[in-house]
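Residue numbers (this note's numbering), protein chains in the order written: chain A, 240 to 424; chain B, 240 to 424; chain C, 240 to 424.
For each residue, glycine too, the CB sits at the ideal point set by N, CA and C.
Here the structure is a predicted model, which means the values were calculated and not measured.
Below is the structure:
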């Protein structure tokens, strides 16, 4: 009897150390899993956040010239939208508003007929970023430019005609504006 | 003896509750880990799915004009391929076929010599998406356009000359076509 | 007493099998978690590795022509940097050096005034990849080209004027160069 009791006490003792080991292992696993969850969520956010991309061409219907104007106050409005993921682009105003902080790529294409100046600049908020210019081309003017920009949430990107210049568009869509998020910051 | 037995029974009882707690913790960990694995696989799929990008220029060798044709039936075939990840682009037909549903960016550049019309449109399936046009430029015509498009798997993107128009290319590669997946849907 | 001892021995026996099961479960969980960590790290690397994007226009200040030169040895240097994530672009040399192996997109825009030739090529190391060309345009020359390229770490991308040709830039930024990583390989 005494012998059996001693054996059991020893076995109980050994179980205690096994249990402690299991508890330590579980603690370690829980810590690891929590760290992984945080990383996963940060990665998950890339997938969703990256979905910002738009492009539009000037004429939704019909054909015609835009400009020339003697004093240009507002953005060129590209009305025929081919894509607008993330709803950054507003086809009533011509302005793209960054839905999140990140690095973006923008580009625009301008087209005109003979006989006048074609000049368009791309703006970030109120500052010119890049431009195209074609002084009274022999026949058609065709020009484009593009830029990589770091935007804060809410920054506004748009294009604007210079004074006394014009662009042309019809259903074939020559004059267009677009951009997309490269990566969030 | 009676005392030792009672102590052991109490210790056994306490172990039971420790074990139950360990089992509950393990169940919770298993559930968490399974959820994380599902998320991980979905994220893993981004990495692989995103690898779609191509570009090509018209002439694989030699120099010369393509066009003018009186009735244009088929796509411009860009034979000098610089990249074709995802094998979407077919350099025998000039057609890019979307390997997966997603949002893509495409752009093309056209170049011609003096004396004729340069006009090229980019098509999604059988619909014009955007174009370039240069009527008998004084010297060279240079024009480009680009667009963000939402494609279903199998949608076809290609460029086509207009009737009675031409493009030029030589080993310097002026006339080109390309695109890439921005994100899968 | 004998009865209580036997009961305890049975309970101890049952605990042993519970413990063994818990240990097996923990081993399985540890293996799963280790595999997931490896996958997570590989995914994490996408997020960081993807942050390569730059663009720059020719003139940091003032306006003027670059060229014509009779023998062009070095890259066009775009000094007004709008973004340079990943520090691939060097605004002292005009050269972008790939910080990692991957698939990249590059594009450039060239602009000139009337009366001379505008010709620019984009190089990968010492090989021309694509070009623009405008022979003595009637008024302004505007042209662009772009390409998707597979780069090894250290590959160099830059643009170069042809002999006897020029580009123009001023604070409106017409002549520019840029690119970004599409995905690492």
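For this session: Verify the CB distance criterion: does residue 250 of chain C have a CB-CB separation below 8 Å to chain B?
Result: yes
Problem set entry | Contacting residues, own chain, Cβ-Cβ under 7 Å from residue 414 of chain C (five flanking each side not counted) | 296, 297, 348, 349, 350, 406, 407, 408
Exercise. Is it true that the CB of residue 341 of chain A sits closer than 8 Å to the CB of residue 416 of chain A?
Worked result: no
Exercise. How long is the line joining the alpha carbons of residue 395 of chain C and residue 268 of chain B, rounded to whole angstroms?
Worked result: 49 Å
For this session: Leaving out five residues on either side along the sequence, give the residues of the same chain with a beta carbon under 6 Å from the beta carbon of residue 374 of chain A.
Result: 356
For this session: Grab me the residues of residue 372 of chain C's own chain with a C-beta within less than 6 Å of its C-beta, minus the 5 sequence neighbours each way, in chain order.
Result: 358
Exercise. From B/403, B/399, B/397, B/411, pick the residue whose C-alpha is nearest to that of residue 398 of chain C; which is it?
Worked result: B/411
Exercise. Whose C-beta lies closer than 7 Å to the C-beta of residue 368 of chain B among residues of the same chain, with five residues either side of it excluded?
Worked result: 361, 362, 386, 388
For this session: Could you spell out the range, first to last residue, of the beta strand (DSSP E) harbouring residue 344 of chain A?
Result: 341-351
Exercise. Under the three-state reduction of DSSP, which class applies to residue 254 of chain C: helix, strand or coil?
Worked result: helix
Problem set entry | Nearest-angstrom Cα separation, counted from residue 304 of chain B out to residue 310 of chain B | 16 Å
Exercise. Using a Cβ-Cβ distance under 8 Å, would residue 354 of chain B count as near chain A?
Worked result: no
Exercise. Taking the continuous beta strand (DSSP E) assigned at residue 420 of chain A, which residues delimit it?
Worked result: 415-423
Exercise. Listed from N- to C-terminal order along the chain, which residues in the segment 328-356 of chain C have their beta-carbon within a distance smaller than 7 Å of any beta-carbon of chain B?
Worked result: 342, 344
For this session: Compute the distance between the beta-carbons of residue 265 of chain A and residue 261 of chain B, then report whether it is under 8 Å.
Result: yes
For this session: Would you mind working out which of A/301, A/378, A/332 sits nearest residue 353 of chain A, comparing C-alpha positions?
Result: A/378
Problem set entry | Proximal residues, the segment 374-394 of chain C versus chain B, C-beta separation under 9 Å | 374, 375, 376, 377, 378, 380, 381, 382, 383, 384, 385, 386, 387, 388, 389
For this session: From the DSSP output, in three-state form, read off residue 261 of chain C for me.
Result: helix
For this session: Quick one: measure Cβ to Cβ for residue 345 of chain C and residue 323 of chain C, integer angstroms, because I've assumed they're closer than 8 Å.
Result: In fact, because the Cβ distance is near 14 Å, the residues do not count as touching under 8 Å.
Exercise. Is residue 228 of chain B buried or exposed, if buried means 16 or more other CB atoms sit within 10 Å of its CB?
Worked result: Nothing can be reported for residue 228 of chain B, as the shown portion of chain B is limited to 240 through 424.
Exercise. Got a sec: is the Cβ-Cβ distance from residue 243 of chain B to anything in chain A below 8 Å?
Worked result: yes
For this session: List the residues of chain A that residue 272 of chain C touches, going by C-beta distances under 8 Å, in chain order.
Result: 268, 271, 272, 275
Exercise. Per DSSP, what kind of secondary structure is residue 399 of chain C in: helix, strand or coil?
Worked result: strand
Exercise. So, are the CB atoms of residue 393 of chain B and residue 335 of chain B less than 8 Å apart?
Worked result: no
For this session: Could you spell out the range, first to last residue, of the beta strand (DSSP E) harbouring residue 384 of chain A?
Result: 380-390
Exercise. Is residue 403 of chain B close to chain C, meaning its C-beta is less than 8 Å from at least one C-beta of that chain?
Worked result: no
Problem set entry | Nearest-angstrom Cβ-Cβ length linking residue 391 of chain B and residue 337 of chain B, presumed shorter than 8 Å | 7 Å
Exercise. Does the beta carbon of residue 252 of chain B fall short of 7 Å from some heavy atom of the ligand MN?
Worked result: For the ligand MN, the structure offers nothing, since it holds no ligand at all.
Exercise. Nearest chain A C-beta to residue 371 of chain B closer than 8 Å, yes or no?
Worked result: yes
Problem set entry | Under 8 Å between C-beta atoms of residue 240 of chain B and residue 251 of chain A | no
Problem set entry | chain C contacts from the segment 290-310 of chain B (Cβ-Cβ distance under 7 Å) | 290, 292, 293, 294, 296
Exercise. In chain A, which residues lie less than 7 Å from residue 419 of chain C when you measure between Cβ atoms?
Worked result: 344, 387, 421
Exercise. Considering residue 335 of chain A, what are the terminal residues of the beta strand (DSSP E) in which it resides?
Worked result: 334-336
Problem set entry | C-alpha distance - residue 279 of chain A paired with residue 343 of chain C, whole-angstrom precision | 26 Å
Exercise. What's the C-alpha gap between residue 259 of chain C and residue 257 of chain A?
Worked result: 10 Å
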